[in-house]
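Residue numbers (the numbering used here): 81 to 343. Glycine included, each C-beta is placed from N, C-alpha and C at the ideal position. Structure, as structure tokens:
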Ligand code: GLN
């Protein structure tokens with residue numbers, strides 16, 4: 081009888097612990113705009129990229145599962161501040177204006193605003209855009225820092241026109257078809273778009289240098305937890321290895337090496 085009781089107790093305990101194990105891991109919803117390679121883009125039906133992988137690693141460390149919601153860049157801050165999303169990673173630049181609406185994590189990457197033109201474009205440096213009488217039509221992604229800078233430096237200064245697109249891809253398509261003269265966009269997506277579309281180049285001169293960070297609703301407890309996990313993953317090299325996986329810093333040299341090795 082005692083043995084039977086012990087067995088029953090054992091079975092009951094196993095059932096309880098199985099139940100605990102089966103309990104679902106809580107999920108954090110991340111807002112992004114998956115038209116921003118190599119930070120976030122579609123590989124088939126899946127959103128991949130630097131932000132997607134860093135988010136997955138950080139969430140795992142925080143004890144959460146990750147769900148990524150794709151939306152217009154323009155909707156991200158509202159989604160986060162209203163609680164529709166728990167946080168956002170979208171190659172988002174830390175700005176004073178955005179800090180009024182959301183809290184930012186520590187920065188995990190540097191971004192550069194770059195200019196994409198057709199290979200035969202008369203625009204050869206960033207300064208050409210601000211030259212007296214320039215009058216170029218500049219494409220940007222709506223609500224990005226590229227939009228903010230060019231609106232003030234070019235449109236409001238009476239030096240040209242700014243056309244706003246919902247995402248980088250549509251801006252680049254307008255450039256390809258000659259509707260606009262250039263696209264001001266972050267450097268890494270700029271390089272990805274140039275690689276994917278014939279006849280385009282990125283100007284060597286930079287428009288601006290910026291910090292990327294994740295953002296959270298104001299006063300969210302998640303920000304500190306995220307920063308702690310991010311610091312650990314920076315320390316152990318995980319973050320750098322994710323960035324290196326998507327950004328080939330050795331460029332030409334490494335490509336040549338790769339070719340030589342393949343021969
Ligand atoms: N870094 C730019 C910004 O934050 C663009 C980001 C994006 O288009 N995903 O405004």
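- In the structure shown, the three-state DSSP call for residue 141 is helix.
- Within the same chain, Cβ atoms closer than 6 Å to the Cβ of residue 293 are found at 174, 184, 185 and 187, the five residues on either side in sequence being excluded.
- Assignment of beta-bridge partners to residue 174 by DSSP yields no partner.
- With fewer than 16 other Cβ atoms from the protein chains shown falling within 10 Å of its own Cβ, residue 181 counts as exposed.
- In the three-state DSSP reduction, residue 115 falls in the coil class, being neither helix nor strand.
- Secondary structure of residue 230 (DSSP, three-state): helix.
- In the DSSP assignment, residue 248 falls within the unbroken alpha helix (DSSP H) covering 248-256.
- Put simply, the backbone Cα of residue 144 is about 17 Å away from that of residue 164.
- Around the beta carbon of residue 271, a 10 Å sphere encloses 16 or more other beta carbons of the protein chains shown; the residue is thus reported as buried.
- In the DSSP assignment, residue 185 falls within the unbroken beta strand (DSSP E) covering 182-198.
- It is roughly 46 Å from the alpha-carbon of residue 234 to the alpha-carbon of residue 106.
- With a beta-carbon spacing of about 7 Å, residue 156 and residue 113 fall inside the 8 Å limit used to define contacts.
- Apart from the 5 residues on each side of it in sequence, residue 154 sits with its Cβ closer than 6 Å to the Cβ of 222 and 223 in its chain, given in chain order.
- Between the region 308-327 and the region 191-200 there are fewer than three inter-stretch CB-CB distances shorter than 8 Å, so the stretches are not counted as touching.
- Residue 264 is positioned such that its CB atom lies no closer than 8 Å to that of residue 255.
- Two segments are said to touch when three or more pairs of C-beta atoms, one from each, lie closer than 8 Å; by this definition the region 196-212 does not touch the region 116-136.
- Nearest to residue 140 by C-alpha distance, out of 312, 257, 124 and 327, is 312.
- For residue 305, the closest C-alpha among the options 123, 276, 116 and 137 is that of 137.
- By the Cβ-count criterion, residue 166 is buried, with 16 or more other Cβ atoms from all chains shown falling within 10 Å of its own Cβ.
- Residue range 153-161 is occupied by the alpha helix (DSSP H) that includes residue 153.
- Counting C-beta atoms within 10 angstroms of its own C-beta, residue 268 has 16 or more neighbours from the protein chains shown and is therefore classed as buried.
- Its chain contains 193, 220, 264 and 265 as the residues whose beta carbon lies nearer than 6 Å to that of residue 226, once the 5 sequence neighbours on both sides are disregarded; these appear in chain order.
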